[in-house]
């Protein structure tokens, strides 16, 4: 079984400050890890992914995430937050050894609030 | 890139009405589509996996007769909420399996349907 935990329901940051949204995962095999963003009344938009290779992954809109195998974490980061980054962020995992048709398991989501 | 269109974006209807939601892959063939339900301030809950030309696979606790799924073509899956009641009010999101494999994105999402049953 695979699972994802996002320990923070909400993260508040001031515009221009760095932001971190936390994610930890559990899979039986090697993980594929993803971050998605959701704006109000919209579906999920892909931000970035980790499959293999460099532990620091760069994605859309200046976001990046660091894969840490020993801590089973994949925290989302951005050096300088924008008010427009305010949204709901989901971490997701897929077990590389699971042939379930690209089945994803999502975390509970973290609401990011960036204040001017 | 792969685009998924979901329609309608919002539905408001009376209790007892059946509501159909469409999910289309616009520029690729989707043999597998997924239907999710999202409650306010909560994560996505997978309801069912829709496979073209065969019966959908429902997650535990999801009523098959309540949420009818049809995936009759490689570009269209539909979710019909039959005899909807206020407790069915929710945000429903579909996604399509990436046709080029998991090395890209595993799923491409529609923009969701806000269903409100009065």
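Protein chains in written order, with my numbering: chain A, 957 to 1072; chain B, 26 to 143.
We treat Cβ as the ideally placed atom computed from N, Cα and C, and that holds for glycine.
- Excluding five sequence positions before and after residue 71 of chain B, the CB atoms of its chain that fall closer than 8 angstroms to its own CB belong to 59, 60, 61, 84, given in chain order.
- Secondary structure at residue 1045 of chain A: strand, using DSSP grouped into helix, strand and coil.
- In the DSSP assignment, the residues bridged to residue 38 of chain B are B:142.
- When Cβ-Cβ separations below 8 angstroms define contact, residue 1005 of chain A makes contact with chain B.
- Taking a Cβ-Cβ cut-off of 8 angstroms, residue 65 of chain B has no neighbours in chain A, whose nearest Cβ is about 11 angstroms from it.
- In this structure the segment 1030 to 1049 of chain A does not touch the segment 96 to 110 of chain B; the number of beta carbon pairs closer than 8 angstroms is below three.
- Counting along the chain, the unbroken beta strand (DSSP E) around residue 118 of chain B starts and ends at 115 to 122.
- For residue 1011 of chain A, not one C-beta of chain B is nearer than 8 angstroms to its own C-beta.
- With a 10 Å radius around the Cβ and a threshold of 16 neighbouring Cβ atoms, residue 137 of chain B comes out buried.
- By the 16-neighbour rule on beta-carbons within 10 angstroms, residue 1023 of chain A is buried.
- Note on residue 100 of chain B: 16 or more other CB atoms within 10 angstroms of its CB, so buried under the neighbour-count rule.
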